[in-house]
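Residue numbers (this note's numbering): 116 to 265.
Quick reminder that beta carbons are idealized off the backbone N, C-alpha and C, glycines included.
These figures come from a predicted structure and were not determined experimentally.
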Amino acid sequence: MASNIRRIQKELKEFREDPPMNCSGGPVSDNLYQWAAVIIGPKDTPYEGGLFKLSIEFPNDYPFKPPKVVFDTKVFHPNVSSDGIICLDILKKEWSPILTISKVILSICSLLNDPNPDDPLNGDAARLLKNSKDEYNKTVREHVRLYASK
């Protein structure tokens, strides 16, 4: 059995035994390289109560290359593009084989808690957050209502 399969199986076991708070996920059917996950919007944020679906694809050379993680749910966020691509350093240049999918998902949850408007993929969201946090929060809540409701 390939070492990357063993690694993904180990991470799946750990993820199921001790999932990141407000998260669930696992393989799509019996394909260990394709996962789906759900993040519940963090409490005390404008994302609160939303259900945010993610697609996760592990490359053949995982863990030496990062997984590809995208939002399937439309999200209004400075660090998420309109097609769900996430601007997160550990998914790009800061990736390390010691990181796990649990840590990646936890980092995405942290990004919902604490957006970084200085490194945006969505310029409109970044400008709104910088110029009017109240309007930003209102827009996020509207997106949650429209696209991430239970």
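Around Ile223, the same chain offers Ile154, Leu169, Val184, Ile201, Leu203 as residues with beta carbons nearer than 8 Å, after the five sequence neighbours per side are excluded.
If only complete runs of 3 or more residues are kept, the stretch 145-188 shows the beta strand (DSSP E) at 146-155, 166-172, 183-186, in order along the chain.
Scanning Pro193, Pro157, Val219, His258 for the CA closest to the CA of Pro181 turns up Val219.
The C-beta distance from Leu244 to Tyr251 rounds to 4 Å, short enough to meet the 8 Å contact threshold. Ile205 sits away from Phe130, with the two beta carbons spaced by 8 Å or more. Looking at the DSSP output, Ile201 bridges to Val195. Around the beta carbon of Gly156, 16 or more other beta carbons lie within 10 angstroms, which makes this residue buried.
Sorting Glu172, Met136, Ser118 by C-alpha distance to the C-alpha of Val143 places Glu172 at the top.
Around Pro135, the same chain offers Ser217, Ile220, Leu221, Cys224 as residues with beta carbons nearer than 7 Å, after the five sequence neighbours per side are excluded. In this chain, the beta strand (DSSP E) harbouring Val143 covers 138-143. For Tyr177, same chain residues with a beta-carbon under 6 Å away, outside a window of 5 residues either side, are Asn119 in chain order.
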